[in-house]
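In the working numbering, the protein residues as written are 44 to 126.
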């Protein structure tokens, strides 16, 4: 009977120690609200696709920032402008 009580006692202590350690590990923490906010979307002027601003290819054209879904669309857009 005493073994069972000691087992429960040490199991409870181990549980709380692990909970304390998990709370202090940054990779295991819950994401902050900032991580859950939606990212701004920008429209590719060539193919009209919306892409996240952070992953878009950015190019300043005629004093205006333009965002493209990939370098190929940027190349085609520049060819279209020059012709």
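We treat Cβ as the ideally placed atom computed from N, Cα and C, and that holds for glycine.
Taking 8 Å as the cut-off, does the stretch 109-120 touch the stretch 82-92 (at least 3 CB pairs, one atom from each stretch)? They touch, by the three-pair rule.
Mapping the DSSP letters down to three states, classify residue 86 as helix, strand or coil. Here the question's residue 86 lines up with position 43 in the chain shown. Strand.
So the candidates are 58, 60 and 98; which of them puts its Cα closest to the Cα of residue 111? Position 68 of the chain shown, counting from 1, holds the residue named residue 111. Comparing Cα positions, the closest option is 98.
First and last residue of the alpha helix (DSSP H) that includes residue 118? Working through the chain shown from its first residue, we reach residue 118 at position 75. 114-125 is the extent of the alpha helix (DSSP H) around residue 118.
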